[in-house]
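Remarks on the structure that follows.
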Amino acid sequence: MYRFRDEINWAAHFWFDGQLIKKKIWAKLPKASKAVFPVVACHRNQKGIAYPGERTIAILCGRTDKTVRNGIRGLEGLYNIKISTYITSRGKRSKRFYIAAPPRVPGRAFPFYRCLLDKGLWQQLTPSAQALYPVMRHFGFFETETYRIYDNPEFAEEDFAETYKTRDFDYCEAEPLQLVLHAGITRQSLQPALDSLISCDLIKPCDRDPGGQVFLWKVYFKTESWFPRELLNLKIAERYGNQ
Numbered sequence: 120m121y122r123f124r125d126e127i128n129w130a131a132h133f134w135f136d137g138q139l140i141k142k143k144i145w146a147k148l149p150k151a152s153k154a155v156f157p158v159v160a161c162h163r164n165q166k167g168i169a170y171p172g173e174r175t176i177a178i179l180c181g182r183t184d185k186t187v188r189n190g191i192r193g194l195e196g197l198y199n200i201k202i203s204t205y206i207t208s209r210g211k212r213s214k215r216f217y218i219a220a221p222p223r224v225p226g227r228a229f230p231f232y233r234c235l236l237d238k239g240l241w242q243q244l245t246p247s248a249q250a251l252y253p254v255m256r257h258f259g260f261f262e263t264e265t266y267r268i269y270d271n272p273e274f275a276e277e278d279f280a281e282t283y284k285t286r287d288f289d290y291c292e293a294e295p296l297q298l299v300l301h302a303g304i305t306r307q308s309l310q311p312a313l314d315s316l317i318s319c320d321l322i323k324p325c326d327r328d329p330g331g332q333v334f335l336w337k338v339y340f341k342t343e344s345w346f347p348r349e350l351l352n353l354k355i356a357e358r359y360g361n362q
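The opening position of the sequence shown corresponds to residue 120 in my numbering, with each subsequent residue numbered one higher.
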């Protein structure tokens, strides 16, 4: 059974195809599928194959085994994933996933880092927050002028390439309506979803309008925050025992 480890792989990631969001395919997926998909995709090898067990997926996305099964069914037919059943060496049925890498077109995809799973952050998010986070990543941008205004007034243009490569966040100014429509969530669930992301240090308000509404966010790829290993593993033991 999966256990959270102290070692974190900060580099491991998969390329999340922005077409899923742009064409509102992501919005139409069941929330269970939105919770499951990043976990499955983060396990893909160089050939695009992933073999995460149902229980591992459940632990990493914070859902029940039944919800995971429903989430996997919701992914069937998606243009960039193929799912098949096979028998493990222990004589049990399991799922094999093939996740296609998106074309290498600038701006089409963004890296979704596995450390968000391994640090216990993804499992702590609400379903609406799990639906929203990739959307805010998709609409994210990073430019010299905004960076100077909000983070480094002395920033030099010649340093942009290196800063862009090593940054750990983008800015997001997408309108609330567009966030809701592309995430497939309700207006009422938007603020709780934002609060959930804030609580896990995945987003942070950057600027507000005169009425106090946030119009610019920082959306983090990685974060120093994580949940204690002992607590996470204790919850696993309490929930599943020696299964």
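Glycine included, C-beta positions come from ideal geometry on N, C-alpha and C.
Point to revise | Whole beta strand (DSSP E) elements within the segment 276 to 362, 3-residue minimum | key: The qualifying runs are 288 to 291, 322 to 327, 333 to 339.
Practice item. Just list the alpha helix (DSSP H) runs in the segment 141 to 180, keeping only unbroken ones of 4 residues or longer that don't cross its boundaries, in chain order. Key: 144 to 147, 150 to 161, 173 to 180
Check your understanding: Does the Cβ of Arg256 have 16 or more other Cβ atoms within 10 Å, making it buried, or fewer, making it exposed?
Key -> Numbered from its first residue, the sequence shown carries residue 256 at position 137. Classification of Arg256: buried, given that the 10 Å Cβ count is 16 or more.
Point to revise | Anticipated Cβ contact below 8 angstroms, Phe346 with Phe231, distance rounded | key: Along the sequence shown, one-based indexing puts residue 346 at 227. Along the sequence shown, one-based indexing puts residue 231 at 112. Rounded, the Cβ-Cβ distance is 19 angstroms, inconsistent with contact.
Review point. Roughly how many whole angstroms lie between the Cα atoms of Lys150 and Glu273?
Key: Taking the first residue of the sequence shown as 1, we reach residue 150 at position 31. Taking the first residue of the sequence shown as 1, we reach residue 273 at position 154. Near 43 angstroms, if we compare the C-alpha coordinates of Glu273 and Lys150.
Practice item. Within the same chain, show all residues whose beta-carbon is closer than 7 angstroms to that of Glu292, passing over the 5 residues directly before and after it, in chain order. Key: Reading the sequence shown from its first residue, position 173 is the one you call residue 292. Excluding sequence neighbours, Glu292 sits near Phe334, Leu335.
Point to revise | Residues of its chain near Leu235, where Cβ-Cβ distance is below 6 angstroms and the 5 sequence neighbours each way are ignored | key: As a first step, residue 235 must be located in the sequence shown, where it is residue number 116. If we look at Leu235 and ignore the five residues flanking it on each side, its Cβ neighbours are Trp241.
Check your understanding: In three-state terms, what does DSSP make of Ala219?
Key -> Translated into positions along the sequence shown, residue 219 becomes position 100. Three-state result, Ala219: coil.
Exercise for review: Determine the DSSP secondary structure at Lys214, reduced to helix, strand or coil.
Suggested key: In the sequence shown, residue 214 corresponds to position 95, counting from 1. Here Lys214 sits in strand by DSSP.
Check your understanding: Taking all protein chains shown into account, do 16 or more other C-beta atoms lie within 10 angstroms of the C-beta of Ala312, making it buried, or fewer, making it exposed?
Key -> Residue numbering aside, residue 312 sits at position 193 when the sequence shown is read from its first letter. With 16 or more other Cβ atoms within 10 Å, it is buried.
Practice item. Determine which residues share a DSSP beta bridge with Asp136 and list them. Key: On the sequence shown, residue 136 is found 17 positions in, with the first residue counted as 1. In the DSSP output, where bridge partners are listed per residue, Asp136 has Ala228.
**Study point:** Proximal residues to Lys337 (C-beta, below 7 angstroms), its chain only, five neighbours per side dropped
**Key:** As a working mapping, residue 337 is identified with position 218 in the sequence shown. Excluding positions up to five away in sequence, the list reads Phe288, Tyr290, Ile322, Lys323, Cys325.
Exercise for review: Compute the beta-carbon to beta-carbon distance between Asp169 and Phe216, rounded to the nearest angstrom, for a pair I have assumed lies under 8 angstroms.
Suggested key: Locating residue 169 in the sequence shown gives position 50, counting from the first residue. Locating residue 216 in the sequence shown gives position 97, counting from the first residue. The question names Asp, but residue 169 in the sequence shown is Ala. Confirmed, Cβ separation roughly 4 angstroms.
Point to revise | 6 angstroms Cβ shell around Leu351 - same chain, five flanking residues per side excluded | key: What you label residue 351 is simply residue 232 of the sequence shown in a count that begins at 1. These residues qualify, in order along the chain: Phe123, Gly239.
Review point. CB-CB under 8 angstroms to Ile206, same chain, minus the five flanking residues each way: which ones, in chain order?
Key: Along the sequence shown, read from residue 1 onward, the residue named residue 206 stands at position 87. Spatial neighbours of Ile206 in its own chain (CB-CB distance under 8 angstroms, excluding positions within 5 residues in sequence) are listed in chain order as Arg212, Ser213.
Review point. Which residues bound the beta strand (DSSP E) around Ile127?
Key: Here residue 127 is taken as the residue at index 8 of the sequence shown, counted from 1. Annotation for Ile127: no beta strand (DSSP E) segment contains it, and DSSP assigns it neither H nor E.
Exercise for review: Please go through the same chain and pick out, in chain order, the residues whose beta-carbon is closer than 7 angstroms to the beta-carbon of Ala220, but skip the five residues on each side of it.
Suggested key: Along the sequence shown, read from residue 1 onward, the residue named residue 220 stands at position 101. Excluding positions up to five away in sequence, the list reads Trp134, Gly167.
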